[in-house]
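Visitor: Counting from 1, position 113 in the sequence shown corresponds to residue 113 in my numbering; the numbering is continuous, with no gaps.
Every residue gets a Cβ at the ideal spot worked out from N, C-alpha and C, and that includes glycine.
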Amino acid sequence: MANLQDERQRMVRQQLLLRGISERRILEVMGQVPRERFVPARVQELAYADAPLTIEEGQTISQPYVVALMAHKAEIKPGDRVLEIGTGSGYAAAVLAQLAAQVFTVERVPSLLDSAQRRFQELGYNNIITRLGDGSQGWAEEAPFDAIIVSAAAAQIPQPLCDQLTDWGRLVIPVGPLDAEQRLLKIVRRGTDFRQQNLGAVQFVPLVCGPRCP
Ligand code: SAH
Numbered sequence: 001m002a003n004l005q006d007e008r009q010r011m012v013r014q015q016l017l018l019r020g021i022s023e024r025r026i027l028e029v030m031g032q033v034p035r036e037r038f039v040p041a042r043v044q045e046l047a048y049a050d051a052p053l054t055i056e057e058g059q060t061i062s063q064p065y066v067v068a069l070m071a072h073k074a075e076i077k078p079g080d081r082v083l084e085i086g087t088g089s090g091y092a093a094a095v096l097a098q099l100a101a102q103v104f105t106v107e108r109v110p111s112l113l114d115s116a117q118r119r120f121q122e123l124g125y126n127n128i129i130t131r132l133g134d135g136s137q138g139w140a141e142e143a144p145f146d147a148i149i150v151s152a153a154a155a156q157i158p159q160p161l162c163d164q165l166t167d168w169g170r171l172v173i174p175v176g177p178l179d180a181e182q183r184l185l186k187i188v189r190r191g192t193d194f195r196q197q198n199l200g201a202v203q204f205v206p207l208v209c210g211p212r213c214p
């Protein structure tokens, strides 16, 4: 276990700090959340590898750097209510929950959501509220959100997510096809105006959505 703690601190230094993530709260939280508890047992020794890892149901747990980058770009503050789409292992939700007041997270695969919920309980992350469903429609009953983070690549920006931002709310979302370059976009709402910024190339599993998908 001590070994994994050392690896976690090394990940924070080498993968985050040396790559320009200097926000103290994010470095602290990434140094605390036990990523090894969110990966399948067979890849536990790879928990702090500088890469996404395959989890159950053919999905992935994002690379640590990408989780930290998305949290940084979404400008998460202690009082924020945050929506995450694509719970997966629950790792990103756990990180966000240590940075914000409350995290609402939506997953479409029941078995993934069950495992993530169990992890949240075991680790005592009790400010995470989960829902099974199609996250491309957001979570209207709980809106608005100060920040929305999408952990899967959308073909286009889903309008409901923009509509569910607070004034000055931030949406961070990968956009683009599975087999070509995807871009990580940041959208900031100011009244009825939505400013878009390209944060660079990324690779995510697709956001799978229902008939109302854009
Ligand atoms: N944040 C996760 C990464 C998950 S990978 C982690 O830290 O482990 C993306 C996840 O998005 C997958 O679990 C996939 O099932 C889920 N997903 C894809 N389309 C979705 C949709 N429309 N609504 C909710 N979840 C979706």
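Beta carbon of Gln182: closer than 7 Å to some heavy atom of the ligand SAH?
Guide: Not a single heavy atom of the ligand SAH lies less than 7 Å from the C-beta of Gln182.
Visitor: With a threshold of 16 other CB atoms inside 10 Å of the CB of Leu113, please say whether the residue is buried or exposed.
Guide: Taking all protein chains in view, the Cβ of Leu113 is crowded by 16 or more other Cβ atoms within 10 Å, so the residue is classified as buried.
Visitor: From Val175 to Gln182, what distance separates their C-alpha atoms?
Guide: 5 Å
Visitor: To the nearest angstrom, how far is the alpha carbon of Val109 from that of Ile55?
Guide: C-alpha of Val109 to C-alpha of Ile55: approximately 12 Å in a straight line.
Visitor: When you compare each of Glu45, Arg37 and Leu18 to Asn3 by their alpha carbons, which one comes out closest?
Guide: Glu45
Visitor: Buried or exposed: which applies to Arg190, given that a residue is buried once 16 or more other Cβ atoms fall within 10 Å of its Cβ?
Guide: It counts as exposed.
Visitor: Closer than 7 Å by C-beta to Val29: which residues in its own chain qualify, once you throw out the five before and the five after it? Chain order, please.
Guide: Beyond the five residues adjoining it in sequence on each side, Val29 comes within less than 7 Å, by CB distance, of Val95, Gln98 and Leu99 in the same chain, given in chain order.
Visitor: Could you pull the start and end residues of the beta strand (DSSP E) that Arg189 belongs to?
Guide: Taken as a continuous stretch (DSSP letters only), the beta strand (DSSP E) holding Arg189 covers Gln182 to Arg190.
Visitor: What I want to know is whether the C-beta of Leu207 ends up closer than 7 Å to one or more non-hydrogen atoms of the ligand SAH.
Guide: Taking the Cβ of Leu207 as the reference point, at least one heavy atom of the ligand SAH falls within a distance shorter than 7 Å.
Visitor: Please report the residue range of the alpha helix (DSSP H) in which Ala92 lies.
Guide: Where Ala92 is concerned, the enclosing alpha helix (DSSP H) stretches over Tyr91 to Leu99.
Visitor: Measure the alpha-carbon distance for Phe215 versus Pro64 and round it to whole angstroms.
Guide: One cannot answer for residue 215 here, as it falls past the ends of the chain, which runs 1 to 214.
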